[in-house]
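> Here's a structure for you.
There are 2 protein chains.
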Amino acid sequence: MSTDRKVYKRESEEARRDALIVAAMDLVAEGGPQAATVRAIAERAGVTPGLIRHYFTSKEELTRAAFRRLMEWMTRDSSAALLSGDLGPKARLAAFVSASLRPPVVDPKRLGLWAGFLNALRTDPEMRDIHEQGYRAYRDILETLIAQLPRKTDAAQSRRDAIACNGVIDGLWLEGSALPDGFAPGELESIGLAAVSAILNIDLTGA
Amino acid sequence: MSTDRKVYKRESEEARRDALIVAAMDLVAEGGPQAATVRAIAERAGVTPGLIRHYFTSKEELTRAAFRRLMEWMTRDSSAALLSGDLGPKARLAAFVSASLRPPVVDPKRLGLWAGFLNALRTDPEMRDIHEQGYRAYRDILETLIAQLPRKTDAAQSRRDAIACNGVIDGLWLEGSALPDGFAPGELESIGLAAVSAILNIDLTGA
DNA sequence: AGCGCAATTATTCATCTGTATAACAGGCGA
DNA sequence: TCGCCTGTTATACAGATGAATAATTGCGCT
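One line per chain: the protein sequences are A and H, in this order. FYI, the UniProt record's numbering numbers position 55 of the first sequence as 55, with every residue one higher than the one before it. FYI, the UniProt record's numbering numbers position 7 of the second sequence as 7, with every residue one higher than the one before it.
Right, here's the structure in full:
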């Protein structure tokens with residue numbers, strides 16, 4: 001009996017790249033970078049290992065693509081609510097904070113994914129660029145939302161406020177993702193809104 | 001010419017375990033878990049790979065020892081100032097917050113180290129125990145410090161306050177460690193104290 | 001229907017990883 | 001000074017890993 005080859009279906013380049021990226025993200029999220037081997041990625045994507053190098057010049061490049069997508073997801077999911085309605089400044093900031101503190105942003109797998117990529121930032125300059133860009137985008141949105149609030153402050157205080165608010169949001173995201181069963185549904189959002197309100201000295205809880 | 005063996009010196013068990021643990025921590029911090037191979041660890045510790053299995057039954061156990069030490073460091077460094085003097089409640093909390101937001105707690109290598117271990121928490125139950133224990137210790141200290149403040153609140157609000165303060169601290173720690181050049185010296189501490197003050201509605205900046 | 005190209009698979013390779021076992025030698029006790 | 005215990009090194013091994021190359025086959029085209 002001849003060892004029969006795997007039957008396969010030709011897919012579009014986009015579909016294949018996507019499947020490989022998603023597979024890599026899942027594996028990093030679940031088991032760290034060490035779990036995302038070319039063979040494991042290929043198996044999860046339903047292809048054979050060689051195909052990875054057909055779409056990405058190296059595994060490193062696939063890793064970068066996966067990290068790029070994570071960064072896109074983070075800002076997209078946090079700012080999704082902003083685009084839809086024409087909310088007031090307070091409601092806009094409240095929506096942003098709230099979205100940042102509930103699934104799918106708050107999610108153990110996202111935290112694991114983010115952590116899995118973190119160490120690579122020190123090594124790979126291109127990864128650092130991707131991170132820098134994503135981080136700036138997020139923080140710029142937050143600073144803009146804060147600046148649009150009806151209250152008087154100077155530029156220096158504005159910067160400090162943005163850093164502090166960014167801090168609470170990041171920290172609560174961290175805790176909520178690390179201890180998914182440690183908080184009641186909606187508790188993180190509620191605490192986050194209260195904290196941001198206190199820091200900015202403006203009531204967001206009613207928005 | 002006979003290939004000459006490495007000349008070596010016998011060391012105490014404690015010294016050797018220590019050197020191996022430190023070497024493992026450094027490598028994880030610098031290059032992630034993947035960089036902490038038995039050979040790399042041994043080389044950095046100045047010994048040969050086989051010695052690792054003489055002091056640890058497996059590499060996994062060395063990893064656990066390293067993580068345990070990281071957790072010890074985190075709480076120790078944050079709460080060091082508490083033991084020394086007999087400060088008032090406000091000054092104690094301020095010292096704790098401040099210590100959590102400056103080196104050596106805020107440090108890119110510590111963040112990388114922490115991130116490098118994070119994914120293992122999902123896989124290894126023993127690692128999860130170590131983490132749970134360390135996290136509880138930290139948060140208990142914070143809750144106690146907050147509870148001792150001269151102000152009136154109920155238990156439910158106290159919990160929310162502790163979570164929020166823990167959030168700011170963690171978040172600012174994260175940002176300061178991820179972008180070591182993004183903040184002026186003392187800026188994080190100052191912002192953290194102001195934010196915690198706002199959240200708890202009590203002035204800590206003068207303490 | 002069938003040609004031809006590129007998408008996909010199969011195989012191979014050099015290297016690295018954790019572990020196991022054997023050989024050696026540093027230094028303490030007599 | 002000299003055994004001898006055990007800390008330490010050296011060697012070996014099976015499996016995994018990323019990459020490279022060769023072999024096939026799906027399928028759009030005419």
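Idealized CB from N, CA, C, for every residue including glycine. Note that the structure is predicted; figures quoted are calculated from it, not measured.
Let me know the secondary structure DSSP gives A:A36 once reduced to three states.
Here residue 36 of chain A is taken as the residue at index 36 of the first sequence, counted from 1. If DSSP states are grouped into helix, strand and coil, A:A36 belongs with coil.
> Strictly under 8 angstroms for the Cβ-Cβ distance: is H:L32 near chain A by that measure?
Within the second sequence, the letter at position 32 stands for residue 32 of chain H. Per the sequence shown, the amino acid found at residue 32 of chain H is Gly instead of Leu. So, interface residue.
> In chain H, what lies closer than 8 angstroms to A:E175 by C-beta?
As a position in the first sequence, residue 175 of chain A is number 175, starting the count at 1. Within chain H, the residues near A:E175 are I163, N166, G167, D170.
> Going straight from the alpha carbon of H:A198 to that of A:I199, what length do you get?
One-based indexing of the second sequence puts residue 198 of chain H at position 198. One-based indexing of the first sequence puts residue 199 of chain A at position 199. H:A198 and A:I199: Cα-Cα distance of roughly 5 angstroms.
> Determine, using beta carbons only, whether H:D203 comes closer than 8 angstroms to chain A.
Taking the first residue of the second sequence as 1, we reach residue 203 of chain H at position 203. With 8 angstroms as the cut-off, H:D203 does not count as an interface residue toward chain A.
> Can you list, in chain order, the residues of its chain whose CB lies under 6 angstroms from that of H:E143, leaving out five sequence neighbours each side?
Along the second sequence, read from residue 1 onward, the residue named residue 143 of chain H stands at position 143. Once the five neighbours on either side are set aside, the close Cβ partners of H:E143 are A162.
> Decide yes or no for the touch test of the stretch 101–115 of chain H against the stretch 170–184 of chain H: beta carbon pairs closer than 8 angstroms, at least 3 of them.
Contact annotation: the stretch 101–115 of chain H touches the stretch 170–184 of chain H, with at least three C-beta pairs closer than 8 angstroms.
> When the Cα atoms are used, what is the spatial distance from A:P49 to H:Q34?
The residue you call residue 49 of chain A lines up with position 49 of the first sequence. The residue you call residue 34 of chain H lines up with position 34 of the second sequence. The straight-line gap from Cα to Cα measures roughly 20 angstroms.
> Taking A:D154 as part of the alpha helix (DSSP H), name the residues at either end of that continuous run.
Indexing the first sequence from 1 puts residue 154 of chain A at position 154. Looking at the DSSP string, A:D154 is not in any alpha helix (DSSP H), and its letter there is neither H nor E.
> If you count every other CB in all the chains shown that lies within 10 Å of the CB of H:L149, and 16 or more means buried, which is it?
Taking the second sequence and counting its residues from 1, the one referred to as residue 149 of chain H is at position 149. Buried, because 16 or more other Cβ atoms sit within 10 Å of the Cβ of H:L149.
> Taking any Cβ of chain A, which residues in the stretch 144–159 of chain H have a Cβ under 8 angstroms from it, in chain order?
Listed in sequence order: no entries.
> Looking at H:A65 and H:V28, is the spacing between their C-beta atoms short of 8 angstroms?
As a first step, residue 28 of chain H is located in the second sequence; it is residue number 28 there, counting from the start. As a first step, residue 65 of chain H is located in the second sequence; it is residue number 65 there, counting from the start. Not closer than 8 angstroms, so no.
> Do the stretch 13–28 of chain A and the stretch 13–26 of chain H touch if we need at least three Cβ pairs shorter than 8 angstroms?
no
> Closest Cβ-Cβ distance between A:G46 and chain H: below 8 angstroms?
Position 46 of the first sequence, counting from 1, holds the residue named residue 46 of chain A. So no, A:G46 is outside the interface.
> Please report the straight-line C-alpha distance between A:D154 and H:R159, rounded to a whole angstrom.
Mapped onto the first sequence, residue 154 of chain A falls at position 154. Mapped onto the second sequence, residue 159 of chain H falls at position 159. Straight-line Cα distance between these residues: approximately 33 angstroms.
> Quick one: which residues of the UniProt domain "HTH tetR-type" (14–74) of chain H get their C-beta closer than 9 angstroms to a C-beta of chain A? List them in chain order.
V28, A29, E30, G31, G32, P33, Q34, A35
> If you pair each beta-carbon of the stretch 115–128 of chain H with each one of the stretch 55–75 of chain H, do three or more pairs fall below 8 angstroms?
yes
> Look up A:N201 in the DSSP assignment and say whether it is helix, strand or coil.
Working through the first sequence from its first residue, we reach residue 201 of chain A at position 201. It is coil, neither helix nor strand.
> Going straight from the alpha carbon of A:D26 to that of A:A120, what length do you get?
Position 26 of the first sequence, counted from the start, is the residue given in the question as residue 26 of chain A. Position 120 of the first sequence, counted from the start, is the residue given in the question as residue 120 of chain A. Cα to Cα, the separation comes out at about 17 angstroms.
> Closest to A:Y8 by C-alpha separation, out of A:R39, A:L51, A:V22, would be which residue?
Mapped onto the first sequence, residue 8 of chain A falls at position 8. Comparing Cα-Cα distances from A:Y8 to each of A:R39, A:L51, A:V22, the minimum goes to A:L51.
> Output, in chain order, the set of chain A residues within a Cβ distance shorter than 7 angstroms of H:G116.
Start at 1 with the first residue of the second sequence, and residue 116 of chain H comes out as number 116. Contact note: H:G116 reaches chain A through N119, using a C-beta cutoff of 7 angstroms and chain order.
> How would you label A:S2, buried or exposed, when you count the other beta carbons within 10 angstroms and need 16 or more for buried?
Residue 2 of chain A sits at position 2 when you count from the first residue of the first sequence. Below a pLDDT of 50, predicted positions are generally treated as unreliable, and A:S2, at 47, falls in that range; the measurement from the model is reported next regardless. Per the 10 Å Cβ criterion, exposed.
> From what residue to what residue does the alpha helix (DSSP H) around H:P89 run?
Taking the first residue of the second sequence as 1, we reach residue 89 of chain H at position 89. Note, H:P89: alpha helix (DSSP H), 89–100.
> Going straight from the alpha carbon of H:D86 to that of A:I141, what length do you get?
Locating residue 86 of chain H in the second sequence gives position 86, counting from the first residue. Locating residue 141 of chain A in the first sequence gives position 141, counting from the first residue. Taking the straight line joining both Cα atoms gives about 44 angstroms.
> Using a 10 Å radius around the Cβ and a threshold of 16 neighbouring Cβ atoms, would you call H:D170 buried or exposed?
By one-based count along the second sequence, residue 170 of chain H stands at place 170. Here H:D170 is buried. Its C-beta has 16 or more other C-beta atoms within 10 Å.
> What did DSSP end up calling A:Y8 once you bin it into helix, strand or coil?
Within the first sequence, residue 8 of chain A is the residue found at index 8, counting from 1. Correct three-state label for A:Y8: coil.
> Strictly under 8 angstroms for the Cβ-Cβ distance: is A:S2 near chain H by that measure?
For this step, residue 2 of chain A is matched to residue 2 along the first sequence. The pLDDT assigned to A:S2 is 47, lower than 50, so where the model puts this residue is not dependable; a value taken from the coordinates is nonetheless given after this. False, the Cβ-Cβ gap to chain H never drops below 8 angstroms.
> Could you pull the start and end residues of the alpha helix (DSSP H) that H:A63 belongs to?
Position 63 of the second sequence holds residue 63 of chain H. First, the amino acid is wrong: residue 63 of chain H is Thr here, not Ala. Looking at the DSSP string, the run of the alpha helix (DSSP H) that includes H:T63 is 59–84.
> Going along chain A in order, which residues have a C-beta closer than 7 angstroms to the C-beta of H:I141?
The residue you call residue 141 of chain H lines up with position 141 of the second sequence. Within 7 angstroms Cβ-Cβ: nothing; H:I141 doesn't reach chain A, min ~16 angstroms.
> Does H:R122 come within less than 8 angstroms of chain A when only Cβ atoms are used?
The residue you call residue 122 of chain H lines up with position 122 of the second sequence. At least one chain A Cβ lies under 8 angstroms of H:R122.
> Do we get a CB-CB distance below 8 angstroms when we pair A:A81 with the residues of chain H?
Residue 81 of chain A sits at position 81 when you count from the first residue of the first sequence. In terms of beta-carbon proximity, A:A81 stays away from the interface with chain H, with every pair separated by 8 angstroms or more.
> Along the alpha helix (DSSP H) that carries A:D181, what are the first and last residues, could you check?
Position 181 of the first sequence holds residue 181 of chain A. From DSSP, A:D181 is part of no alpha helix (DSSP H); its letter is neither H nor E.
> In chain A, which residues lie with their C-beta within 8 angstroms of the C-beta of H:I130?
Here residue 130 of chain H is taken as the residue at index 130 of the second sequence, counted from 1. By Cβ distance, chain A contributes nothing, its closest Cβ being about 14 angstroms from H:I130, past 8 angstroms.
> So, for A:L193: in the same chain, excluding its five sequence neighbours on each side, which residues have a beta-carbon less than 7 angstroms away from its beta-carbon?
Counting from 1 along the first sequence, the entry for residue 193 of chain A is found at position 193. Result list for A:L193: A94, V97, S98, L204, T205, in chain order.
> With 16 other CB atoms within 10 Å as the buried threshold, where does A:S84 fall?
Start at 1 with the first residue of the first sequence, and residue 84 of chain A comes out as number 84. So A:S84 counts as exposed.
> Enumerate in chain order the residues of its own chain whose CB-to-CB distance from H:Y138 is below 6 angstroms, with the five nearest sequence positions on each side excluded.
The residue labelled residue 138 of chain H in the question sits at position 138 within the second sequence. Cβ within range, chain order: T75.
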